[in-house]
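**Student:** For the first sequence, our numbering assigns the number 63 to the initial residue and increments by one for each residue that follows.
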Amino acid sequence: METKKDKPKVLFILGATGAGKSDLAVNLALKYNGEIISVDSVQVYRHFNIGSAKIRPEEMKGVIHYGIDIKDPNEEFSVYDFVEYTKIKIDEIVKRAKLPIIVGGTALYVKALIEGYNFGNTDKHEDYRKQVENDIKEFGNEFVYNKLKQINPKLASNLDYKNSVRLIRAMEIAEFGEAQTKTQECEYDFKLFAIIMDRQKLYTKINNRVDKMLAEGLIKEVEALYKKYGSQLQPMRAIGYKEVVAYLDNQIDKDKMIELIKQHTRNYAKRQLTFLRGLNNVVYIYNEDKNKAFDDMCKEIDKWL
RNA sequence: GGUACCAUCGCCAAGCGGUAAGGCCAAGGUCUGCAAAACCUUCAUUCCCCGGUUCAAAUCCGGGUGGUACCU
Numbered sequence: 063m064e065t066k067k068d069k070p071k072v073l074f075i076l077g078a079t080g081a082g083k084s085d086l087a088v089n090l091a092l093k094y095n096g097e098i099i100s101v102d103s104v105q106v107y108r109h110f111n112i113g114s115a116k117i118r119p120e121e122m123k124g125v126i127h128y129g130i131d132i133k134d135p136n137e138e139f140s141v142y143d144f145v146e147y148t149k150i151k152i153d154e155i156v157k158r159a160k161l162p163i164i165v166g167g168t169a170l171y172v173k174a175l176i177e178g179y180n181f182g183n184t185d186k187h188e189d190y191r192k193q194v195e196n197d198i199k200e201f202g203n204e205f206v207y208n209k210l211k212q213i214n215p216k217l218a219s220n221l222d223y224k225n226s227v228r229l230i231r232a233m234e235i236a237e238f239g240e241a242q243t244k245t246q247e248c249e250y251d252f253k254l255f256a257i258i259m260d261r262q263k264l265y266t267k268i269n270n271r272v273d274k275m276l277a278e279g280l281i282k283e284v285e286a287l288y289k290k291y292g293s294q295l296q297p298m299r300a301i302g303y304k305e306v307v308a309y310l311d312n313q314i315d316k317d318k319m320i321e322l323i324k325q326h327t328r329n330y331a332k333r334q335l336t337f338l339r340g341l342n343n344v345v346y347i348y349n350e351d352k353n354k355a356f357d358d359m360c361k362e363i364d365k366w367l
């Protein structure tokens, strides 16, 4: 039986967008000889820079960052891909006797990793998925959902049938019986920090950051991507991108666009906080003062290492 | 100063005598292959104020206050 001591140590830093994770992570990496893996469903994409608040090379201070710019805009990326990718990277970093530090805002990805999600068969049944997708288009979500209820009532009971993507996946699972819903034991000895701050303060930071993004040329960035790839890309649905697309399509004016980006980012931050509350073993770090937050984390890490 | 119209949740707004629609915002939540996504729940014991009519008033009447438009 593997004991906690044998497991690789992995540090996680989560938190709402704009709470100041990246900067703290880089400083921790410098102090503890670490390498960073980003957990961010948008920053994996090349050319989605300003709107995703991607860390700039000079801000990395020489610390190696993985999980950024690993996909082209027209490629798909999912929790599954993240878990596969990150497991490999963690192994590599540990083999080099360095500390893996996983930093970002996509908490589901982290949850999947630490709770040992088993996604079942890795093969995607593309043809079957297409077929279900067509059924949804033709007959509606409810029709397909009723079908699912007949095949696998248990799967259906927990499903939000209005969400087409989940419905397709559920049908795939039902049809091929590949899902494993059991949670495996975590393969890492991890420490998980959540960087938090006063809600009003966080909202103010978010609003200011959006203004900064605009000043840095967010609209130009989106326009270029739009021209090259169109608006149907997976990352084009991210906050800061879909609103600019709506603006470029003349559906909303510029002021409305800015207001919506801010509002959606605030809503997102709130959802992140909600998700964090559902995770176990979270050590909350109150980031009122950057240096104090850093010291608090160091104390915790020293105990843990 | 005169005349007309208006005053309902943080915002928009329905209601036209029978016991406060809806949308937005906000808050809370769900989550095993799009998660910066998608979805769910909650959110006015009260309608500017005072008085009156009525079994019953946000709805009718009188007065006040505030706003808007036009006239002088």
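C-beta atoms are modelled at their ideal positions from N, C-alpha and C, and glycine is treated no differently.
Starting from residue 144 and walking both ways along the alpha helix (DSSP H), at which residues does that stretch end?
**Tutor:** 141-157 is the span of the alpha helix (DSSP H), which, as asked, contains residue 144.
**Student:** Just mark residue 351 as buried or exposed, buried being the case when its beta carbon has 16 or more other beta carbons within 10 Å.
**Tutor:** Exposed, because fewer than 16 other Cβ atoms sit within 10 Å of the Cβ of residue 351.
**Student:** Which whole runs of the beta strand (DSSP E) in the segment 189-275 are 3 residues long or more, in chain order?
**Tutor:** Whole beta strand (DSSP E) segments, 3+ residues: 251-258.
**Student:** Between which residues of its own chain and residue 291 is the CB-CB distance below 7 angstroms, once the five residues before and five after are set aside?
**Tutor:** These residues qualify, in order along the chain: 135 and 136.
**Student:** Would you call the CB atoms of residue 344 and residue 362 closer than 7 angstroms?
**Tutor:** Contact: no.
**Student:** Grouping DSSP H, G and I as helix and E and B as strand, with all else coil, what is residue 326?
**Tutor:** Helix.
**Student:** On a CA-only basis, which of 356, 316 and 272 is nearest residue 327? Give me that one, please.
**Tutor:** Out of 356, 316 and 272, 272 has the C-alpha closest to the C-alpha of residue 327.
**Student:** Using alpha carbons as the reference points, say which of 122, 111 and 110 lies closest to residue 85.
**Tutor:** Of 122, 111 and 110, the residue nearest in Cα terms is 122.
**Student:** Here's the rule: buried if 16 or more other CB atoms are within 10 angstroms of the residue's CB, otherwise exposed. What is residue 252?
**Tutor:** Buried, by the Cβ-count rule.
**Student:** Residues in its own chain within less than 7 angstroms of residue 264 by CB, not counting five upstream and five downstream?
**Tutor:** The answer, listed in chain order, is 78, 80, 81 and 331.
**Student:** Taking 7 angstroms as the threshold (C-beta atoms), are residue 101 and residue 164 in contact?
**Tutor:** Taking 7 angstroms as the Cβ cut-off, residue 164 and residue 101 qualify as a contacting pair.
**Student:** Are the CB atoms of residue 96 and residue 161 within a distance shorter than 7 angstroms?
**Tutor:** Taking 7 angstroms as the Cβ cut-off, residue 161 and residue 96 qualify as a contacting pair.
**Student:** Using the rule of at least 16 other Cβ atoms within 10 Å of the residue's Cβ for burial, across every protein chain shown, is residue 64 buried or exposed?
**Tutor:** With a pLDDT of 49 at residue 64, under the threshold of 50, the modelled position of that residue is not reliable, and no figure is offered here.
**Student:** Pull up the distance between the alpha-carbon of residue 87 and that of residue 355, whole angstroms please.
**Tutor:** If I take the Cα positions, the gap works out to 11 angstroms.
**Student:** Excluding the 5 residues flanking residue 155 on each side, which residues of the same chain have their C-beta closer than 7 angstroms to its C-beta?
**Tutor:** Within the same chain, residue 155 has close Cβ partners 97 and 162.
**Student:** Between which two residues does the beta strand (DSSP E) containing residue 92 stretch?
**Tutor:** First-last for residue 92: 83-94, but that is the alpha helix (DSSP H), not the beta strand (DSSP E).
**Student:** Is the beta carbon of residue 303 sitting closer than 7 angstroms to the one on residue 113?
**Tutor:** Their beta carbons are under 7 angstroms apart, which means residue 303 touches residue 113 by this criterion.
**Student:** Assuming residue 235 and residue 194 are in contact, meaning their beta carbons sit under 8 angstroms apart, how far apart are those beta carbons, in whole angstroms?
**Tutor:** Between residue 194 and residue 235 the Cβ distance is about 11 angstroms, and since that is not below 8 angstroms, they are no contact.
**Student:** Please classify residue 167 as buried or exposed, where buried requires at least 16 neighbouring CB atoms within 10 angstroms.
**Tutor:** Flag for residue 167 reads buried.
**Student:** For residue 347, which option in 68, 70, 83 and 340 has the closest C-alpha, if you only look at C-alpha atoms?
**Tutor:** That would be 83, whose Cα lies nearest to the Cα of residue 347.
**Student:** What's the gap between the Cα of residue 316 and the Cα of residue 158?
**Tutor:** Answer to the nearest angstrom: the Cα atoms are 49 angstroms apart.
**Student:** Exposed or buried, what is residue 334 when buried is set at 16 or more other beta-carbons lying within 10 Å of its beta-carbon?
**Tutor:** The residue in question, residue 334, is buried, as its Cβ has 16 or more Cβ neighbours within 10 Å.
**Student:** Consult DSSP for residue 362 and reduce its assignment to one of helix, strand or coil.
**Tutor:** In the structure shown, residue 362 sits in a helix (DSSP, three-state: H, G or I).
**Student:** How is residue 106 classed by DSSP in three states: helix, strand or coil?
**Tutor:** Correct three-state label for residue 106: coil.
**Student:** Buried or exposed: where does residue 283 fall if 16 or more other Cβ atoms within 10 Å of its Cβ makes it buried?
**Tutor:** So residue 283 ends up on the buried side.
**Student:** Could you give the distance in angstroms between the alpha-carbon of residue 150 and the alpha-carbon of residue 338?
**Tutor:** If I take the Cα positions, the gap works out to 25 angstroms.
**Student:** Just how far apart, CA to CA, sit residue 209 and residue 196?
**Tutor:** Cα-Cα distance, rounded: 14 angstroms.
**Student:** Given a threshold of 16 other Cβ atoms within 10 Å of its Cβ, counted over all protein chains shown, does residue 233 qualify as buried or as exposed?
**Tutor:** The residue in question, residue 233, is buried, as its Cβ has 16 or more Cβ neighbours within 10 Å.
**Student:** Rounded to whole angstroms, what's the CA-CA distance from residue 199 to residue 274? Just pull it up for me.
**Tutor:** Taking the straight line joining both Cα atoms gives about 40 angstroms.
**Student:** Between the alpha carbons of residue 214 and residue 207, how many angstroms are there, rounded?
**Tutor:** Looking at the two C-alpha atoms, the distance is approximately 10 angstroms.
**Student:** Between the C-alpha atoms of residue 220 and residue 353, what's the straight-line distance to the nearest angstrom?
**Tutor:** Their backbone Cα atoms lie some 44 angstroms apart in a straight line.
**Student:** State the start and end residues of the unbroken beta strand (DSSP E) segment that holds residue 164.
**Tutor:** It spans 161-166 - the beta strand (DSSP E) in which residue 164 sits, taken as one unbroken run.
**Student:** Rounded to a whole number of angstroms, what is the C-alpha to C-alpha distance between residue 239 and residue 115?
**Tutor:** When rounded, the distance between both Cα atoms is 40 angstroms.
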